[in-house]
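Asks: Sharing a structure here in structure tokens format.
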Amino acid sequence: MTPPSEIMTTHGLAAGYLPDKLIADRLDLSLSRGDMTLLLGANGRGKSTLLRTLSGAQPALAGEVSIAGKSLADTTAADMARLISLVYTDRTHAGHLTAAELVALGRQPYTGFFGRLSADDRRIVDESLDTVGMLQFSRRYVSTLSDGERQKIMLARALAQQTPVILLDEPTSFLDIASRIETMQMLHDLAADHGKAILLSTHDIAEALPLATHAWLLVENDSSNYDSTQAVSAMITGTVPGLVATGAFDRLFPRRPVVFDPATMTFQSVNR
Amino acid sequence: MSAEGVSTSRAAAAMWIISAAIVLMFGGCLFFGSVDIPPSAVIDILTGGDGGKRSWEVIVTGARLPMACTALISGAALAVAGLLMQTTFDNPLAGPSILGVSTGSSLGVAVVMLALGGSVGTIGHYFSVLLGAMAGAMVVLVVLLLFSRFIHSSVMLLIVGIMVGYLASSAVSLLNFFSTQEGVHSFVIWGLGSFSGVNLERLPVFAVVTLAVLLLSFLMVKPLDALLLGERYAANLGVNIRATRNRLLLLSGLLTAAVTAFCGPIGFIGLIVPHVARMAVNTSRHIYLLPATAMTGSAIALFCSLVSVLPGSWGVIPVNAITPIIGVPVILYIILRRK
Amino acid sequence: MNILRFITQNSYLILIFLLLSSCGRGTSSRGNEVTGDTLTTCAELLTLVDCGDYTVADVRDPWDTTRLLGRYILVDSDREMPGSLPNGEVVRVPLENSIVYSDVHACAIGEVGGIKGVRGVADAGYFKTAEIVAGLSDGSVTDIGSAMSPSVERIVEMNPDAILLSPYQNAGHGAVGQIGTTIIECADYMEPTPLGRAEWIKLLGKLYGGYDKADTIFASTRDRYESLRYKAAAVSTLPKVVTEQVTDGVWYVPGGRSYMARLLGDAAVIYPWSDDTSTGSLQLDFATVFDRAHDAEFWLIRTWGHDLSLAELKSNNSLNAEMEAFNNGGVYAANTAEVPLFEDFPFHPDRLLREYLAIFHPYIMHGDTTLTYYKRVR
Chain A
8 MTPPSEIMTT
18 HGLAAGYLPD
28 KLIADRLDLS
38 LSRGDMTLLL
48 GANGRGKSTL
58 LRTLSGAQPA
68 LAGEVSIAGK
78 SLADTTAADM
88 ARLISLVYTD
98 RTHAGHLTAA
108 ELVALGRQPY
118 TGFFGRLSAD
128 DRRIVDESLD
138 TVGMLQFSRR
148 YVSTLSDGER
158 QKIMLARALA
168 QQTPVILLDE
178 PTSFLDIASR
188 IETMQMLHDL
198 AADHGKAILL
208 STHDIAEALP
218 LATHAWLLVE
228 NDSSNYDSTQ
238 AVSAMITGTV
248 PGLVATGAFD
258 RLFPRRPVVF
268 DPATMTFQSV
278 NR
Chain B
326 MSAEGVSTSR
336 AAAAMWIISA
346 AIVLMFGGCL
356 FFGSVDIPPS
366 AVIDILTGGD
376 GGKRSWEVIV
386 TGARLPMACT
396 ALISGAALAV
406 AGLLMQTTFD
416 NPLAGPSILG
426 VSTGSSLGVA
436 VVMLALGGSV
446 GTIGHYFSVL
456 LGAMAGAMVV
466 LVVLLLFSRF
476 IHSSVMLLIV
486 GIMVGYLASS
496 AVSLLNFFST
506 QEGVHSFVIW
516 GLGSFSGVNL
526 ERLPVFAVVT
536 LAVLLLSFLM
546 VKPLDALLLG
556 ERYAANLGVN
566 IRATRNRLLL
576 LSGLLTAAVT
586 AFCGPIGFIG
596 LIVPHVARMA
606 VNTSRHIYLL
616 PATAMTGSAI
626 ALFCSLVSVL
636 PGSWGVIPVN
646 AITPIIGVPV
656 ILYIILRRK
Chain C
-8 MNILRFITQN
2 SYLILIFLLL
12 SSCGRGTSSR
22 GNEVTGDTLT
32 TCAELLTLVD
42 CGDYTVADVR
52 DPWDTTRLLG
62 RYILVDSDRE
72 MPGSLPNGEV
82 VRVPLENSIV
92 YSDVHACAIG
102 EVGGIKGVRG
112 VADAGYFKTA
122 EIVAGLSDGS
132 VTDIGSAMSP
142 SVERIVEMNP
152 DAILLSPYQN
162 AGHGAVGQIG
172 TTIIECADYM
182 EPTPLGRAEW
192 IKLLGKLYGG
202 YDKADTIFAS
212 TRDRYESLRY
222 KAAAVSTLPK
232 VVTEQVTDGV
242 WYVPGGRSYM
252 ARLLGDAAVI
262 YPWSDDTSTG
272 SLQLDFATVF
282 DRAHDAEFWL
292 IRTWGHDLSL
302 AELKSNNSLN
312 AEMEAFNNGG
322 VYAANTAEVP
332 LFEDFPFHPD
342 RLLREYLAIF
352 HPYIMHGDTT
362 LTYYKRVR
């Protein structure tokens, strides 16, 4: 029985690269509105690959991804633009745009031929900027903003796109601690108050874990997880409290001198 | 650069200034040339009179006017081609020539001038060269579009384009080596670029074709804006990256082919004008940037054309000798002020 | 101070450099006087002096007429080498195994009866002289390759007794100059006057054992030329004439003191650039030429390949149709692929002068108005 808030699901998904780099397979995942899901894993486990597969940028090797009831493969690019938005850390060449103009790009799936904005579009742009707390920067050139401010603008753009699903790939990597916390709080609020389905991959476990509802852990694949699969990684999913209770987080960094402390929900050095 | 955002009025003001520059340069091209014609005579001729000497009337209406129009159109076309290339390949130093389209044109012309002795069959020299230039450009364009089906990465496609350009270039060298002195000299002169190759009769065809492609380019405003964020974001916003890239290639290629066929290979304008235009209107939004680029291209081409005839009766400096003199300082400025 | 030190420390290098760079082409001599009968009267770049046992041929540098490009001491093969000879390159004549680069030379050599002495040619495709063409196909004449980069091996294998080629400004002869064969610098193409250039046939006569014939040919050429010129000088109305057409934006117009301008002048015309002083071609743009010559009555164009039509002339450049000659039937074109214009005029300028007079002043020609080279363009 499908919960009504489920917006994105996968069935038997295999993600990876042809011909022989299989990241993970037989994935049955789901994202629901109102959930903030963390995608965690050591470097090289395939977080970015999975995100790309979920966003449709990369074809699945097997299985399928469904969004809003329809298979991803059957969804047109235009429709996809209204369902999934992305935030990640690539540099862009939008320096000569104002913050408002960049956020306005998020309205492209809804605007007409030359991208003209209606009054409604403009309102949405302002609201998006306000939600991320950047409204007063709206007429500033993007190239004059700091990294943290720019990241918020990119998030505002994703908001302006008004998609139920937002996928983020390490959105806080270049930010200072205050910005990191701010961003995580914002994402939590977007899920909780605005009903978005948020999936973000991150290394900022300390800042993110307390605010997240669910987590997907990409861990090293060994025979204890599957019976005979060539995949490089295996997936453990669940709610955050549930995963903490089952000690799943210890599986993230095997053989490393770190240990997960459930009380503080952080990783600590073994040698303390 | 001020931290305050762009207002449409800033972009509009810049465009008015550029328009004024265009009018000024256009006028300059009519009043100055290798033959000394007094301004009063020029005005007289332009308003329907005969200016006193019949030869003057022919020169002003038959030579200077078409040349100015050609420069106007060619400048816009090359500049827009450059902008499209820079966006397609996400590379601020891309220009219409980087993909080898104009080298392909050169090869076509080299085949006609050096291997076929200057004319194809009974078609006159002029049309043979035109045909060769167009054919050469089209061949390269088709090759690139074919590769674009297999190559996903834009960087790789750019490299393929550069390699194709090198191949064409080496073929041109071979043809030059085995040809006569007159042929080589002729080819060199063609390669120097000139806006005087389009006469009053052919101007409408050239203008209509080029302007049509330019207008089609304007339809790409939305995907071009999306591409400012990079291919991944653009795809996420609903842009079909493959199709868009192919369209941009085709438009840019056609513009380059048309201008190269009629004017010879003109360098630098496609490379520098998008940057100058961006600095002038101070925005990357293509709804302003595209027209601004086209207009700035016209102004600069007209300026180069004017400078090329300034020596007066000493002779005419070829266009390609002037464009780098203007272009190089601009590129250096851009590099030093990289945002 | 530093420069001085540099020079003294590297003086031996500098010395070697200077020595090597002086081994350029041609002799840097001023040419000491020789005594004998001077055989040349019109040529400016060639002096032939008959000194009895030998003939001295001096070729001047067209770009610096104070120097000699070469001095050749021509000695008959069946004579013993004379005891004392002036400085210069000794050449045994008649030549029996020579290489020729120009069909114009080959043709003239044929006229003086020495064609058997030509055993090799460059740019063989351009040769039309019958004996050469026959020789190329039966192998008695060797093709040494292109003039720009000939096959040195084939030249060496031939072991020629001389190579006749044209000197270029600021250019050596490359590999060909290094193999030690006698190179005869034929600067005839740089002669500024028609008769001067035609007189070079005497050098060819001396080289190929046909001097008497050459002398006769030149004498009658000169007589005919002078009589034509004299007839033309009496004409009272001079038409304006312009030559060639604009190609790829450039119109090559003969300079005021060039060969072509002189020939036209001898044909009693107004040449729009007669006030110009250059001996070469002027590179002008269409407007400049049009401004001065749009009202020219006659327009002479040389083409290569096919006959020119008015339609093609217009399609090459629509403003060509604004020239008065275009609209008055005054355009004449010579298809040099079919007519021997380039082959004839160097040593027979009288033929071209006759042609010009037949076009410009037919009424003084007493019916001798058939055109050999030019056709009216329709």
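Residue numbers (this note's numbering), protein chains in the order written: chain A, 8 to 279; chain B, 326 to 664; chain C, -8 to 369. Where is the CB? At the ideal position from N, CA and C, for every residue including glycine. Computed from a predicted structure; not experimentally measured.
1) How about residue 542(B) and residue 576(B): do their beta carbons lie closer than 9 Å?
2) Taking buried to mean at least 16 other C-beta atoms within 10 Å of its own C-beta, is residue 228(A) buried or exposed?
3) So the candidates are 249(C), 167(C), 213(C); which of them puts its Cα closest to the Cα of residue 138(C)?
4) Please list, in chain order, the chain C residues whose beta carbon lies closer than 7 Å to that of residue 514(B).
5) I want to verify the contact list: residues of chain D whose CB lies under 9 Å from the CB of residue 271(C), in sequence order.
6) Considering Cα atoms alone, identify which of 230(C), 189(C), 249(C) is closest to residue 214(C).
7) Would you mind sorting residue 348(B) into buried or exposed? The rule is 16 or more other CB atoms within 10 Å of its CB.
8) Counting C-beta neighbours from all protein chains within 10 Å, is the total for residue 144(C) 16 or more, i.e. buried, or is it exposed?
9) Report yes if the CB atom of residue 322(C) is closer than 9 Å to the CB atom of residue 292(C), and no otherwise.
10) Kindly provide the ranges of any alpha helix (DSSP H) runs that are 4 or more residues long and lie completely inside the segment 583 to 639 of chain B, ordered along the chain.
11) Name the chain B residues whose beta carbon is nearer than 7 Å to that of residue 313(C)?
12) To which residues of the same chain is residue 652(B) closer than 7 Å at the C-beta, ignoring the five residues directly before and after it?
13) Residues in the same chain with beta-carbon distance under 8 Å from residue 129(C), minus the five sequence neighbours each way, listed in chain order, please.
14) Any idea which residues DSSP pairs residue 72(A) with across the strands?
15) State the Cα-Cα distance for the pair residue 515(B) and residue 657(B), rounded to the nearest angstrom.
16) For residue 369(C), is the classification buried or exposed, using 16 other Cβ atoms within 10 angstroms of its Cβ as the cut-off for buried?
17) Comparing alpha-carbon positions, which option in 107(A), 53(A), 151(A), 30(A) lies nearest residue 135(A)?
18) Relative to the C-alpha of residue 127(A), which residue among 14(A), 167(A), 149(A), 105(A) is closest?
19) Identify, in the order they occur along the chain, each residue of the same chain with its Cβ nearer than 7 Å to the Cβ of residue 325(A), setting aside the five sequence neighbours on each side.
20) Would you list the residues sitting across from residue 221(A) in a DSSP beta bridge?
21) Along the chain, where does the alpha helix (DSSP H) that runs through residue 114(A) open and close?
22) For residue 217(A), go through chain B and note every residue whose CB falls closer than 9 Å to its CB, in chain order.
23) Tell me the rounded alpha-carbon separation between residue 164(C) and residue 157(C).
24) Quick check: the Cα distance between residue 171(C) and residue 79(C), rounded to an integer number of angstroms?
25) If you draw a straight line from the C-alpha of residue 487(B) to the C-alpha of residue 421(B), how long is it?
26) Below 7 Å on C-beta distance, what does residue 116(A) contact in chain B?
27) Taking all protein chains shown into account, do 16 or more other C-beta atoms lie within 10 angstroms of the C-beta of residue 450(B), making it buried, or fewer, making it exposed?
28) Are the beta-carbon atoms of residue 38(A) and residue 20(A) separated by less than 9 Å?
29) Which runs of the alpha helix (DSSP H) at least 4 residues long sit entirely within the segment 441 to 482 of chain B? Give them in chain order.
30) Does any CB atom of chain B fall closer than 9 Å to the CB of residue 286(C)?
31) State yes or no: is the beta carbon of residue 125(A) nearer than 9 Å to at least one beta carbon in chain B?
32) Does any C-beta atom of chain C lie closer than 9 Å to the C-beta of residue 503(B)?
33) Residue 91(A) versus chain B: which residues are under 8 Å apart at the beta carbon?
34) Could you check if residue 210(C) is buried or exposed, using at least 16 other CB atoms within 10 Å of its CB as the buried criterion?
35) I'd like to know whether the C-beta atoms of residue 259(C) and residue 357(C) end up nearer to each other than 9 Å.
36) Note down the Cα distance separating residue 68(A) from residue 25(A), rounded to an integer number of angstroms.
Replies: In short:
1) As a working mapping, residue 542(B) is identified with position 217 in the second sequence. As a working mapping, residue 576(B) is identified with position 251 in the second sequence. Yes, Cβ-Cβ distance for residue 542(B) and residue 576(B) is below 9 Å.
2) Counted from its first residue, the first sequence places residue 228(A) at position 221. So residue 228(A) ends up on the buried side.
3) Indexing the third sequence from 1 puts residue 138(C) at position 147. The shortest Cα separation from residue 138(C) among 249(C), 167(C), 213(C) belongs to 167(C).
4) Locating residue 514(B) in the second sequence gives position 189, counting from the first residue. Here the neighbours are 239, 240, 241.
5) Reference to chain D is not applicable here, since the protein chains of this structure are A, B and C.
6) Translated into the one-based positions of the third sequence, residue 214(C) becomes position 223. Nearest C-alpha to residue 214(C): 189(C).
7) Locating residue 348(B) in the second sequence gives position 23, counting from the first residue. So residue 348(B) counts as exposed.
8) In the third sequence, counting from the first residue as 1, residue 144(C) sits at position 153. Exposed.
9) Residue 322(C) sits at position 331 when you count from the first residue of the third sequence. Residue 292(C) sits at position 301 when you count from the first residue of the third sequence. Yes, the Cβ-Cβ distance between residue 322(C) and residue 292(C) is below 9 Å.
10) 594 to 606, 611 to 634
11) Reading the third sequence from its first residue, position 322 is the one you call residue 313(C). Simply 383, 387.
12) Position 327 of the second sequence, counting from 1, holds the residue named residue 652(B). For residue 652(B), where only same-chain residues beyond five positions count, the Cβ hits under 7 Å are 593, 596, 597.
13) Your numbering for residue 129(C) matches position 138 in the third sequence. Once the five neighbours on either side are set aside, residue 129(C) has no close Cβ partner at all.
14) Counting from 1 along the first sequence, the entry for residue 72(A) is found at position 65. Residue 72(A) pairs with 17(A).
15) Along the second sequence, read from residue 1 onward, the residue named residue 515(B) stands at position 190. Along the second sequence, read from residue 1 onward, the residue named residue 657(B) stands at position 332. The straight-line gap from Cα to Cα measures roughly 28 Å.
16) Start at 1 with the first residue of the third sequence, and residue 369(C) comes out as number 378. Residue 369(C) is exposed by the Cβ-count criterion.
17) The sequence position of residue 135(A) within the first sequence is 128, counting from 1. Taking only the C-alpha atoms, the option nearest residue 135(A) is 107(A).
18) Position 120 of the first sequence, counted from the first residue, corresponds to residue 127(A). The residue with the shortest Cα to Cα distance from residue 127(A) is 167(A).
19) Past the edges of chain A, shown from 8 to 279, lies residue 325(A), and the structure says nothing about it.
20) Taking the first residue of the first sequence as 1, we reach residue 221(A) at position 214. Paired residue(s): 44(A), 246(A).
21) Locating residue 114(A) in the first sequence gives position 107, where the first residue counts as 1. It is not in any alpha helix (DSSP H) - residue 114(A) carries neither H nor E in the DSSP assignment.
22) Residue numbering aside, residue 217(A) sits at position 210 when the first sequence is read from its first letter. Within chain B, no residue comes near residue 217(A); the closest Cβ sits about 29 Å away, beyond 9 Å.
23) Within the third sequence, numbered from 1, the residue matching residue 164(C) stands at position 173. Within the third sequence, numbered from 1, the residue matching residue 157(C) stands at position 166. Distance between the alpha carbons of residue 164(C) and residue 157(C) is about 9 Å.
24) Here residue 171(C) refers to the residue found at position 180 of the third sequence. Here residue 79(C) refers to the residue found at position 88 of the third sequence. Going from the Cα of residue 171(C) to the Cα of residue 79(C) covers about 14 Å.
25) Walking along the second sequence from the start, residue 487(B) turns up at place 162. Walking along the second sequence from the start, residue 421(B) turns up at place 96. Between residue 487(B) and residue 421(B), the C-alpha separation is close to 11 Å.
26) The residue given as residue 116(A) occupies position 109 in the first sequence. The answer, in chain order, is 562, 563.
27) Within the second sequence, the letter at position 125 stands for residue 450(B). Burial call: buried.
28) To locate residue 38(A), count along the first sequence from 1; it is residue 31. To locate residue 20(A), count along the first sequence from 1; it is residue 13. Taking 9 Å as the Cβ cut-off, residue 38(A) and residue 20(A) do not qualify as a contacting pair.
29) 450 to 475
30) The residue given as residue 286(C) occupies position 295 in the third sequence. Chain B, which has a Cβ nearer than 9 Å to the Cβ of residue 286(C), makes this yes.
31) Counting from 1 along the first sequence, the entry for residue 125(A) is found at position 118. So no, residue 125(A) is outside the interface.
32) Taking the first residue of the second sequence as 1, we reach residue 503(B) at position 178. Residue 503(B) counts as touching chain C.
33) The count along the first sequence starts at 1 and reaches residue 91(A) at position 84. Neighbours of residue 91(A) on chain B, chain order: 561.
34) Along the third sequence, one-based indexing puts residue 210(C) at 219. Looking at its Cβ environment, which holds fewer than 16 other Cβ atoms inside 10 Å, residue 210(C) is exposed.
35) Here residue 259(C) corresponds to residue number 268 of the third sequence, with the count starting at 1. Here residue 357(C) corresponds to residue number 366 of the third sequence, with the count starting at 1. Not closer than 9 Å, so no.
36) As a working note, residue 68(A) is residue 61 in the first sequence. As a working note, residue 25(A) is residue 18 in the first sequence. The straight-line gap from Cα to Cα measures roughly 8 Å.
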